[in-house]
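Quick notes on the structure that follows.
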Amino acid sequence: MTALSVNVNKVAWLRNARGGSRPDLCDMARAIIGAGANGITIHPRPDQRHIRPQDVFDLRAVASAANDVEFNIEGNPTAGPRENGYPGFRQLVEASKPDQCTLVPDTEHQLTSDHGWDLYETTTFDNVKSIISTYQDLGTRVSLFIDPDPDQISRARDAGADRIELYTGPYADAAAKYGIDSKEAHEYWKRYRRSVIHAKEQGLGINAGHDLNLINLARFCSIGNIDEVSIGHALIADALELGLTVTIERYLEALNMAASVARVPLA
626 MTALSVNVNK
636 VAWLRNARGG
646 SRPDLCDMAR
656 AIIGAGANGI
666 TIHPRPDQRH
676 IRPQDVFDLR
686 AVASAANDVE
696 FNIEGNPTAG
706 PRENGYPGFR
716 QLVEASKPDQ
726 CTLVPDTEHQ
736 LTSDHGWDLY
746 ETTTFDNVKS
756 IISTYQDLGT
766 RVSLFIDPDP
776 DQISRARDAG
786 ADRIELYTGP
796 YADAAAKYGI
806 DSKEAHEYWK
816 RYRRSVIHAK
826 EQGLGINAGH
836 DLNLINLARF
846 CSIGNIDEVS
856 IGHALIADAL
866 ELGLTVTIER
876 YLEALNMAAS
886 VARVPLA
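Residue 841 in the numbering used here sits at position 216 of the sequence shown; the count goes up by one each step and never skips.
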């Protein structure tokens, strides 16, 4: 079954909105793990709008203390130190040694990640390839945030990535605008399915994320062979209505449902 990694950025954002330490990020992460989630994801941005440097190490300790729980750090590997105390993305990764590092080509003040890497740009490819090797030497699995484009997926393999994370925003947008059963959503579903098949043929693991929720998750993951989804905003919003434990259970049920109807044979 597809693993569920919960992005806790929004919990940190809520804490920072008022100052102080509530909600306690580590307590929330423990509750998320206790409810059955398979991993914790964070995206420490240079402006520290949510995750702060110390959070990285505190959450690393929480994940390490649990059994078989993955700690995943997302971010732009070119983000360097800032005067506000942000030490730089590379420094955070090297110091915390996450189980997985997802490299994302976002800009410093971008609201949310909204596109994958262009690995046909020579300088970008060379830089990403070098960074992947450096992080793998730490014992960290490296995933690249990628659009559903077979050519870019092949370049991710050439760069040495262990996995890709498919940017699922276009599918989620189509499902929200036209309906989960619409022709438009299904056309995107087929595009992602082709990308998953291609990634498997390239020997890559496959993650997915961005705007996945209780409405579209099971349908999307029925593609099959999705190793992991990373979900934050929608899950935390659902938790405000349903409660955290019930919400985690609902997402796991959706993934279990997807596993029972997956349409792509295992390699």
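C-beta atoms are modelled at their ideal positions from N, C-alpha and C, and glycine is treated no differently.
All of these numbers come straight from a predicted model, not from anything done at the bench.
Could you pull the start and end residues of the beta strand (DSSP E) that residue i belongs to?
i      : result
Glu853 : Glu853 to Ile856
Gln725 : Gln725 to Leu728
Glu708 : Per DSSP, Glu708 belongs to no beta strand (DSSP E) and is neither H nor E.
Gly794 : It is not in any beta strand (DSSP E) - Gly794 instead sits in the alpha helix (DSSP H) that spans Gly794 to Tyr803.
Ile831 : Gly830 to Gly834
Arg766 : Arg766 to Ile771
Does the beta-carbon of residue i have 16 or more other beta-carbons within 10 angstroms, so that it is buried, or is it exposed?
i      : result
Asp693 : exposed
Glu790 : buried
Gly834 : buried
Leu829 : buried
Pro773 : buried
Ser758 : exposed
Arg670 : buried
Ala642 : exposed
Leu865 : exposed
Glu853 : buried
Tell me which residue opens and which closes the alpha helix (DSSP H) that residue i is part of.
i      : result
Ala628 : Ala628 -> not in any alpha helix (DSSP H); beta strand (DSSP E) instead, spanning Ala628 to Asn632.
Ala656 : Leu650 to Gly659
His811 : Lys808 to Glu826
Pro671 : First-last for Pro671: undefined, no H or E at that position.
Arg702 : First, the residue type needs correcting, since residue 702 is Pro and not Arg in the sequence shown. Where Pro702 is concerned, there is no enclosing alpha helix (DSSP H), given that its DSSP letter is neither H nor E.
Ala691 : Counting along the chain, Ala691 falls outside any alpha helix (DSSP H), and DSSP gives it neither H nor E.
DSSP three-state label for residue i, please.
i      : result
Glu746 : coil
Asn697 : strand
Gly664 : strand
Ser779 : helix
Leu880 : helix
Ile789 : strand
Leu891 : At Leu891, the pLDDT of 43 sits below 50, so the modelled position is not reliable and the matter cannot be decided from this model.
Ala864 : helix
Arg844 : helix
Ser758 : helix
Asn641 : helix
Asp731 : coil
For residue i, which residues of its own chain have a beta-carbon under 6 angstroms away from its beta-carbon, when the five flanking residues on both sides are left out?
i      : result
Asp724 : Glu695 and Phe696
Ser855 : Ser630, Asn632, Thr666 and Gly834
Ala883 : Ala843, Cys846 and Ser847
Ala892 : Interpretation of Ala892 is limited by its pLDDT of 42, a score under 50 that renders its predicted location unreliable; no figure is taken from the coordinates.
Leu728 : Pro702 and Leu769
Return the chain-ordered list of same chain residues with a C-beta closer than 8 angstroms to the C-beta of residue i, the five sequence neighbours on each side being excluded.
i      : result
Leu650 : Val633, Val636, Ala637, Arg640, Asp680, Asp683 and Leu684
Using a Cβ-Cβ cut-off of 7 angstroms (strictly less than) and excluding sequence neighbours within five positions of residue i, which residues of its own chain qualify?
i      : result
Asp743 : Thr749
Asn881 : Met626
Gly764 : Lys722
* To do: May I ask you to verify whether the segment 837–856 touches the segment 797–813, counting CB pairs closer than 8 angstroms and requiring at least 3?
  => yes
* Asked: Are the segment 658–670 and the segment 867–885 touching by the rule of at least three beta carbon pairs closer than 8 angstroms?
  -> yes
* Is the segment 809–827 touching the segment 859–868 in the sense that three or more CB pairs, one from each, lie closer than 8 angstroms? -> no
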